[in-house]
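Trainee:
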Amino acid sequence: MSEFRPSLHELLEEVSACRACAGSLPHEPRPVLRVSGTARLLIVGQAPGRLVHETGIPWNDPSGRRLRQWLDMSDQAFYDISRVAIVPIGMCYPGTVDGADLPPRRECAPLWHARIGQLLGEVRLTLLVGSYAHAFHLGERRKRGMTETVAAHEEYLPAYLPLPHPSWRNTGWLKRNPWFESGLLPALRDRVRAALG
Ligand code: SF4
């Protein structure tokens with residue numbers, strides 16, 4: 015018996031209606047993602063922050079501005095849904111405690127990432143942005159910590175490229191690890207340009 019596989023449109027309708035962790039969220043679920051069957055670059059982030067939750071636009075915040083700077087991409091190129099897919103580990107804003115965003119809901123990625131990935135047939139490169147994305151997609155292949163995983167990025171190519179999260183909280187990390195901007199960013203930009211063709 016052949017396995018039923020929904021179209022991307024049908025799957026997106028399912029995601030939009032998801033209430034798997036509704037009881038644990040401080041608001042109605044509002045999954046924020048952008049996908050198309052033609053995207054060549056997939057960006058896997060952490061979870062929407064409050065601004066992203068309110069606007070429904072992923073990476074529509076200071077972290078997103080820094081990420082676009084790292085990628086050397088204009089807003090227009092970054093938000094070209096025909097070329098760039100964006101799927102966070104937790105697709106709904108998880109809320110905050112003491113001013114800090116909570117981790118992505120753990121129910122989300124196991125429920126949705128493989129199913130979405132099956133319908134993104136043209137993706138050439140997946141950027142794993144932050145530790146939660148490293149953990150879910152690299153599993154036992156990731157290193158002891160975020161820094162070691164990013165430093166070992168060549169091991170995961172050509173499919174994956176792990177990055178730190180571009181949050182202001184990592185500004186100190188960026189200062190302590192100048193190799194990231196001097197060495198990895200040029201390589202990242204080359205890879206992204208090649209993936210987008
Ligand atoms: S975070 Fe993910 S699993 Fe939870 S309600 Fe939103 S879409 Fe569903």
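Every number in the working numbering is 14 more than the matching position in the sequence shown, counting from 1.
Backbone N, C-alpha and C fix where the C-beta goes; we use that ideal spot for every residue, glycine too.
Ordered along the chain, which non-local residues of its own chain (more than five positions away) have a Cβ less than 6 Å from that of residue 61?
Mentor: Counting from one through the sequence shown, the residue named residue 61 turns up at place 47. Result list for residue 61: 102, 104, 108, 118, in chain order.
Trainee: Could you tell me the alpha carbon to alpha carbon distance between residue 161 and residue 73, rounded to whole angstroms?
Mentor: On the sequence shown, residue 161 is found 147 positions in, with the first residue counted as 1. On the sequence shown, residue 73 is found 59 positions in, with the first residue counted as 1. Going by the C-alpha atoms only, they are around 22 Å apart.
Trainee: Under a CB-based cut-off of 9 Å, is residue 140 close to chain C?
Mentor: Absent from the structure: chain C. Only one protein chain is present.
Trainee: For residue 123, is the classification buried or exposed, using 16 other Cβ atoms within 10 angstroms of its Cβ as the cut-off for buried?
Mentor: Mapped onto the sequence shown, residue 123 falls at position 109. Buried is the call here.
Trainee: Excluding the 5 residues preceding and the 5 following residue 150 in the sequence, name in chain order all residues of the same chain whose CB lies nearer than 6 Å to its CB.
Mentor: What you label residue 150 is simply residue 136 of the sequence shown in a count that begins at 1. Cβ within range, chain order: 103, 123.
Trainee: Would you list the one or two residues that DSSP bridges to residue 48?
Mentor: As a working note, residue 48 is residue 34 in the sequence shown. Per DSSP, 100.
Trainee: Thinking C-beta only, is residue 53 closer than 9 Å to residue 137?
Mentor: What you label residue 137 is simply residue 123 of the sequence shown in a count that begins at 1. What you label residue 53 is simply residue 39 of the sequence shown in a count that begins at 1. Yes, these two residues count as a Cβ contact at 9 Å.
Trainee: By alpha-carbon positions, which one of 29, 38, 211 ends up nearest to residue 120?
Mentor: If you number the sequence shown from 1, residue 120 lands on position 106. For residue 120, the nearest C-alpha among the options comes from 38.
Trainee: Look at the alpha carbon of residue 69 and the alpha carbon of residue 75, and state the distance between them as a whole number of angstroms.
Mentor: As a working note, residue 69 is residue 55 in the sequence shown. As a working note, residue 75 is residue 61 in the sequence shown. So the alpha carbons of these two residues sit roughly 10 Å apart.
Trainee: So, do the region 77–86 and the region 23–38 have three or more beta carbon pairs nearer to each other than 8 Å?
Mentor: Verdict: no, contact absent.
Trainee: Going by beta carbon distance, what residues of the same chain come within less than 8 Å of residue 49, once the five residues before and after it are set aside?
Mentor: Counting from 1 along the sequence shown, the entry for residue 49 is found at position 35. 22, 26, 95, 99, 100, 101, 130, 133, 134.
Trainee: Would you say the beta carbon of residue 104 comes nearer than 8 Å to a heavy atom of ligand 1?
Mentor: In the sequence shown, the residue the question calls residue 104 occupies position 90. Yes; taking the cut-off as 8 Å, the Cβ of residue 104 has a heavy atom of ligand 1 nearer than that.
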